[in-house]
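Each remark here refers to the structure printed beneath this line.
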Amino acid sequence: MSGVEIAVAAAVLFAGGVVKGVIGFGLPVFTNPLLSLFMAPKDVVVLMSVPIFATNVTNVRLGWREWRNLRHVVPYFVMGIVFVPAGVYFLKWSNPEVIRLFLAGVVFFYLALHKYIPPMDSIHPGIRTGIGVICGGVVGFTLGATGITGPIHVMYLSMFSWPKEAFIFLVNAFNTVGSVSLMGSFALAGEYSLPVAARIGAGLIPIFAGFWAGTRLQKRLPPEVFYRIVRGALFLIAVSLVVRSVWNLR
């Protein structure tokens with residue numbers, strides 16, 4: 025990477041840290057498409073795998089009082105962990121731009137219809153389990169293939185109508201355990217060479233600087249503003265996914 029690319033990457037990682045600190049998720053969704061403009065997609069996912077784990081562990085520790093809500097999403101978590109290696113395999117042998125376009129479609133679908141998605145409490149328990157299994161498999165696969173989980177998390181977890189704190193905790197709890205599966209898959213594939221490890225270590229500095237700044241803003245946001253920011257961020261992310269994928273598929 026050239027000096028200019030390193031500087032741009034540092035700025036992107038800092039901004040991604042701010043996004044993560046403010047809304048509680050969105051680090052890879054923000055950084056991965058931008059970094060992929062001048063890095064190979066697989067290299068980006070490998071680079072971000074450790075920061076995903078590190079920042080999410082921090083958020084889980086801060087929000088641990090919400091742990092009781094984990095019982096509602098066990099199928100989602102289990103299937104997510106199981107399908108991460110499948111996504112990593114796809115990333116290695118296939119074009120991930122197709123998955124990014126799929127993610128963008130899911131985001132636009134959610135933004136258009138989120139007001140009409142029924143709350144989980146009104147759905148039969150068996151159907152709730154089925155929804156959790158399907159969404160968990162999708163989010164695990166896309167985590168392995170693209171490093172991105174935010175759109176599926178928002179679509180699925182918003183159905184529970186939880187307060188902001190519970191929502192953020194569950195997103196970060198999944199990303200923590202999912203990133204362990206992701207890092208394990210990359211480690212078994214021999215992706216963590218010494219140069220890669222050094223690059224990851226250097227990238228953690230701007231990410232945590234931005235994360236620290238973002239967390240100071242998050243505490244001042246009322247829930248309704250929080251969800252408006254989430255939906256606005258998702259729209260911009262979906263647009264960036266489409267533009268980036270169409271550009272690379274030309």
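Counting in the numbering used here, the sequence shown runs without a single skipped number right up to 274 at its last residue.
For each residue, glycine too, the CB sits at the ideal point set by N, CA and C.
No experiment lies behind these values; they were computed from the predicted model shown.
- From the listed residues T170, K44, L181, the smallest Cα separation to G156 is found for L181.
- Annotation for L86: the continuous alpha helix (DSSP H) segment containing it runs 65-86.
- In this model, F126 and V70 are separated by some 21 Å (Cα to Cα).
- Relative to the Cα of L37, the nearest Cα in the group I231, R85, G238, S118 belongs to I231.
- By the Cβ test, the stretch 50-63 is not in contact with the stretch 204-224, since fewer than three Cβ pairs between them sit closer than 8 Å.
- If you compare the alpha carbons of F184, P187, L167 with that of I76, the shortest gap goes to L167.
- Ranked by Cα distance from G174, the first of L194, F184, S185, P187 is L194.
- Taking 8 Å as the upper bound for CB-CB distance, M72 and G171 are in contact here, some 5 Å apart.
- By the criterion of a C-beta distance shorter than 6 Å, G41 is surrounded in its chain by I231, G234, F235, once the five residues flanking it on both sides are discounted.
- Within the stretch 140-216, the alpha helix (DSSP H) runs of at least 4 residues that lie entirely inside it are, in chain order, 149-170, 174-181, 188-212.
- With at least 16 other beta carbons inside 10 angstroms of its own, L59 counts as buried.
- With a contact defined as Cβ atoms closer than 8 Å, R124 and R223 miss out at about 22 Å.
- Cβ-Cβ distances below 7 Å link F62 to E29 in the same chain, with the five nearest sequence neighbours on each side left out; the list follows chain order.
- CA-CA distance, I105 to G208, rounds to 11 Å.
- Y100 sits close to G160, with the two beta carbons spaced by under 7 Å.
- Per DSSP, the unbroken alpha helix (DSSP H) holding M103 starts and ends at 98-117.
- In the three-state reduction of the DSSP assignment, S269 falls in the helix class.
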